[in-house]
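These notes concern the structure reproduced below.
Shown next as structure tokens:
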């Protein structure tokens, strides 16, 4: 669906000296090979935030980005946090009018998911490969699209503004975190402490996807996430399954049973109170989604499936955009090497995540999950829990003048208006930015469904990368037409 | 329970020149420090048969044992098989009468279980530590009791016979395999091919336990084993759980559900036909077991548990000695590193084993398990299976004259008769020896319940090791009193 034309809300502060969208696009295209080389440098740094073995690389990655931003005239630093550094940078904007224009905060992340299973990559995950695909060249590397490629979309757009106008037309702040893939533990404390530095009128987030390679999208719905690790403990040591089997609780069997009870036969989640706060889709939104022409067979066929599998009576779009879910993301226990070992393990562990929607309360759901597990343990077993993050779902306002401006910028680049869509993924920052910094976020991203986000052979189409840079440059021009 | 005195069945072939039990025990005790040093050498070799990374060490272990047996005057070799070498050795017995005496086949295994989790060992698993425990010295190492210590019990008994009589009093063959902990794939082909070399009148197996440190036992019931690995495949690649969660089958959730359905609320196994051939315990056997003074609280307390957990209406001894079971021995899928990864895995794997009793058919149960899994897969999932071994349960005759002779030998060492017991573990060889070589096995072992078999800090009490050597020496003397 498209949004209204921005013409009526255009600001009187627009300076006639500002470069046009066409000039910006030309400048982006002129420098695109160099922009790609810089992205490749960024991707070479294995900033795997969840694994302490990579802590040094994660820090090096933050410092690399600080260097780039300083080169663009920003006051930038890799600010200390309780976890990985926060890259924060500021530019007051060029010209006397800049202070009257909206202040833009950009959010993204420089950390990446772990690359395993390594053996499924066609090239090493941290040696970026530029390869020819069916839609032109692409870069294959961990973090290509999530989120280094998208962060560089912003950085390179600011480079085009520097080339044409000496710097951005508005006050611009960047907050690029290093813990998005590992629970964003530092993000909220940092925002509380740096509230004044981060003050802005709107936040632009580039960590989502397009509708297709030719059609931009602004994401207005995001699911929340509760991610828990549970370990079931049984016997005090590993046992011989012949000598003890049948007479003692086996933590793997116990864990499997409890996990299996999380869903009923209709694939609804059975935790008491889980659906509290889950709203039904408004009929108008449902109608909009039905008109999107979403293809189940394409979405599923791409991952080797024919049939969807999920909550009874819901379409695939509903299941991924507007319904809460529960998935086991990892499980391990007992002997996992080659061959056989007749052991009863002393403990077994699962990583379990819930995607939340509407007004579901993450803290209540985490507590209800713990109670769900504990109440199902047989005598002799106990459970330990570790939280890997909890954040509520987001619904971004579709009526803000900034969204209208972004729409205009995207139209100038793509020749058509962006669709307003939902996404099943979570961006914890968006909720925190609203709650702590008091501003809406515009989610404008350039990924595609087949980018293999979080999977082996993650890639970013260079065409998408180029459009990301062009779009951020053009959107910034539109924002500058508004007054604060 | 004890067995009748062997006096009435004593053979007329006994030679007056044979050493007495007392002389044998004295000779064993004289050389015990050296016997311990040799066991330590044997334990240093990490013969982990299930892991191909250790193949070289497993071969070296076989060759070490061949060297020891040649030193005792045996014709010995590490015979080639389709897998790890089979140590096979023969001695015709000393003296003119030897050929008239029963031929004894000894079976054991020189391979060991994997040592993981390594971090729970108090000393490195392949650097044997002699430490002081509450019952005197013990040796701590992987394989200490299962089965290297018990194999050396036989070898060192033969050494005492060599010292006192120049060699064993009967024709003796040893068959010590290298694949007991990994499915014994070569064992049956080897026995078929080497039937003549292995010809004997009775087999003595030392891979089981005593009743307690002062009370020997002969095991007359062994459970069988079916060990299957199942991998559930879903999407063709790992997926982002935000983008796809709720709309596609998650192989970990699917696997957990199927595993949970293997048991009903009474902890009976739900696979159709699973209980075919399972006999009820004869009332006399049940009465004997009830008189054993088995302590649930001691058995369970030792592993940190208060209550047993298993098939409804069955005692702990029944559950471990005479009832079939199902345990998941290992499970893995998705992200198993530290922290969080929001992934839906493309596949998930479980190692599932069944302990069998009575006349349960291993092949039928393996096939029924596959059907059980396949019939529960949602559309879009498929399952792959790998067998890690299948063997039926064994009930050893309690009336053979060899058992009576073994009883006499054990009485001479311990001052009391052995108990006739069951065990929950499986020794695949025993069934194959009966079926292929046509002889009964006597299961006389010297392990204790707290030996941490298959667990970290596996140990063998040196008192048990010494009694094992003494007992094998004395039993061999008793066998020599029988005629073929």
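Protein chains in written order, with the numbering used here: chain A, 9 to 492; chain B, 9 to 492.
A virtual CB, placed ideally from N, CA and C, is assigned to each residue, including glycine.
How about residue i: is its C-beta nearer than 8 Å to some C-beta of chain B?
i, result
"residue 157(A)", "no"
"residue 399(A)", "no"
"residue 487(A)", "no"
"residue 328(A)", "yes"
"residue 313(A)", "yes"
"residue 68(A)", "no"
"residue 317(A)", "yes"
"residue 386(A)", "yes"
"residue 101(A)", "no"
"residue 240(A)", "no"
"residue 267(A)", "yes"
"residue 257(A)", "yes"
Confirm, please, whether the CB-CB distance from residue j to residue i is below 8 Å.
i, j, result
"residue 187(B)", "residue 124(B)", "no"
"residue 225(A)", "residue 429(A)", "yes"
"residue 181(A)", "residue 289(A)", "no"
"residue 433(A)", "residue 248(B)", "yes"
"residue 360(A)", "residue 334(A)", "yes"
"residue 271(A)", "residue 175(A)", "no"
"residue 232(B)", "residue 313(B)", "no"
"residue 358(B)", "residue 263(B)", "yes"
"residue 58(A)", "residue 347(B)", "yes"
"residue 96(A)", "residue 202(A)", "yes"
"residue 229(A)", "residue 129(A)", "no"
"residue 486(B)", "residue 417(B)", "yes"
"residue 471(B)", "residue 421(B)", "no"
Contact criterion: CB-CB distance below 8 Å. Does residue i meet it with respect to chain A?
i, result
"residue 342(B)", "yes"
"residue 247(B)", "yes"
"residue 431(B)", "yes"
"residue 345(B)", "yes"
"residue 331(B)", "yes"
"residue 475(B)", "no"
"residue 251(B)", "yes"
"residue 460(B)", "yes"
"residue 351(B)", "yes"
"residue 192(B)", "no"
"residue 336(B)", "yes"
"residue 59(B)", "yes"
What did DSSP end up calling residue i once you bin it into helix, strand or coil?
i, result
"residue 430(A)", "strand"
"residue 273(B)", "coil"
"residue 377(B)", "helix"
"residue 115(B)", "strand"
"residue 218(A)", "coil"
"residue 469(A)", "strand"
"residue 261(B)", "helix"
"residue 225(B)", "strand"
"residue 102(B)", "coil"
"residue 301(B)", "coil"
"residue 62(A)", "helix"
"residue 148(A)", "strand"
"residue 395(A)", "strand"
"residue 480(B)", "helix"
"residue 455(A)", "strand"
"residue 135(B)", "coil"
May I ask you to list the residues that DSSP assigns as paired with residue i?
i, result
"residue 450(A)", "212(A)"
"residue 390(B)", "241(B)"
"residue 498(A)", "Any answer about residue 498(A) is impossible in this case: the structure gives chain A only from 9 up to 492."
"residue 96(A)", "85(A) and 183(A)"
"residue 475(A)", "Per DSSP, none; premise fails for residue 475(A)."
"residue 293(B)", "Answer is none; residue 293(B) lacks a bridge partner."
"residue 340(B)", "340(A) and 357(B)"
"residue 236(B)", "360(B) and 395(B)"
For the putative contact between residue i and residue j, defined by C-beta atoms under 8 Å, what is the C-beta separation to the nearest angstrom?
i, j, result
"residue 108(B)", "residue 489(B)", "In fact, because the Cβ distance is near 12 Å, the residues do not count as touching under 8 Å."
"residue 217(B)", "residue 473(B)", "No, residue 217(B) and residue 473(B) are not in contact; Cβ-Cβ is about 13 Å, not under 8 Å."
"residue 356(A)", "residue 246(A)", "Between residue 246(A) and residue 356(A) the Cβ distance is about 11 Å, and since that is not below 8 Å, they are no contact."
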